[in-house]
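Engineer: Here it is, the structure in full.
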Amino acid sequence: EVQLVQSGAEVKKPGESLRISCQGSGYVFPRYWIGWVRQMPGKGLEWMGSVYPGDSDTRYSPSFQGRVTFSVDKSISTAYLQWSRLKTSDTATYYCARRKYESLNVFDIWGQGTMVTVSS
Amino acid sequence: QSALTQPASVSGSPGQSITISCTGTDSDVGGYNYVSWYQQHPGKAPKLIVYDVTSRPSGVSDRFFGSKSGTTASLTISRLQAEDEAYYYCSSYAGSIALVVFGGGTRLTVL
């Protein structure tokens, strides 16, 4: 079964750092882009950017450039989303999603989401 | 404000058909045949139901139909069922910088 499994919910304070993960299985992980999508409480989906596990190439949405960092560890089929200094406005559910092969914007497999709460 | 504009809500009775619109610009919806639609039930991850304007992934019901005219894409759901009650999001390729944009989402209520 093709699936993406994300790390569990996090509660952090403003200014702290955080890295959440997304592990793929059931397919050749390095060959498919992984996208990250933010969903703030009660709001819609926002594309943050994508990372290609094959060579760690990254694309960031202009709205998130400089605020987050994508990385991968091919050896364990895992992608990461990282913040160096969290803000309360980072409170959201974050999804990773596999980009459909040879597509530009189609996300066919989604992780279950990681809820991040940032509060003092 | 989302890049693509969707109605906040639509409703319909079981067995009826509804259409959700998704309006963009020549830089996204109008410029490429790369519109996707996702269904999201509360508390769940989104699910791909239409891609490349009209294609459906394997296993998705043929009651879901995508189309596009100019800068507006549409999702039509026929023979509405209670399980269709969810949020629906459109998405488009938006060029080499923005890459992917989403609509604000539409809440579908099955009366």
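Respectively, the protein sequence lines represent chains S and X. Counting from 1 along the first sequence, just add 451 to a position and that's the residue number in this note's numbering. Counting from 1 along the second sequence, just add 46 to a position and that's the residue number in this note's numbering. Every residue gets a Cβ at the ideal spot worked out from N, C-alpha and C, and that includes glycine. Given the structure is predicted, the values throughout are model-derived calculations rather than measurements.
#1: Helix, strand or coil: how does DSSP classify X:T117 here?
#2: Using CA atoms only, rank isn't needed, just tell me which of S:A460, S:G477, S:R482 is closest to S:V576.
#3: Taking Cβ positions, are X:V75 and X:T122 nearer each other than 9 Å?
#4: What does the Cβ neighbour count give for S:V462, buried or exposed, with the cut at 16 atoms within 10 Å?
#5: Of all Cβ atoms in chain S, is any one closer than 9 Å to the Cβ of X:A91?
#6: Say whether chain X places a C-beta atom closer than 9 Å to the C-beta of S:R582.
#7: Given a cut-off of 9 Å on the beta-carbon distance, is the pair X:V81 and X:V106 in contact?
#8: In whole angstroms, what separates the C-alpha of X:N79 from that of X:K93?
#9: Can you find a CB in chain X that lies within less than 9 Å of the CB of S:S501?
#10: Taking the runs of the beta strand (DSSP E) that are 3 residues or longer, which of them lie wholly in the region 51-126 of chain X?
#11: Nearest-angstrom Cα distance between X:Q85 and X:T71?
#12: Chain S beta carbons: is any one of them nearer than 9 Å to that of X:D98?
#13: By DSSP, does S:T411 sit in helix, in strand, or in coil?
#14: State buried or exposed for S:E497, treating a residue as buried only when at least 16 other CB atoms are found within 10 Å of its CB.
Structural biologist: Considering the structure as presented:
#1: coil
#2: Chain S is shown only over 452 to 571; residue 576 of chain S falls outside these bounds and no answer can be derived.
#3: no
#4: exposed
#5: yes
#6: Within the shown structure, residues of chain S are numbered from 452 to 571, placing residue 582 of chain S beyond reach of any answer.
#7: no
#8: 20 Å
#9: yes
#10: 55-58, 64-69, 81-86, 93-96, 110-115, 118-123
#11: 23 Å
#12: yes
#13: Lying outside 452 to 571, the shown extent of chain S, residue 411 of chain S is not represented and no answer is given.
#14: buried
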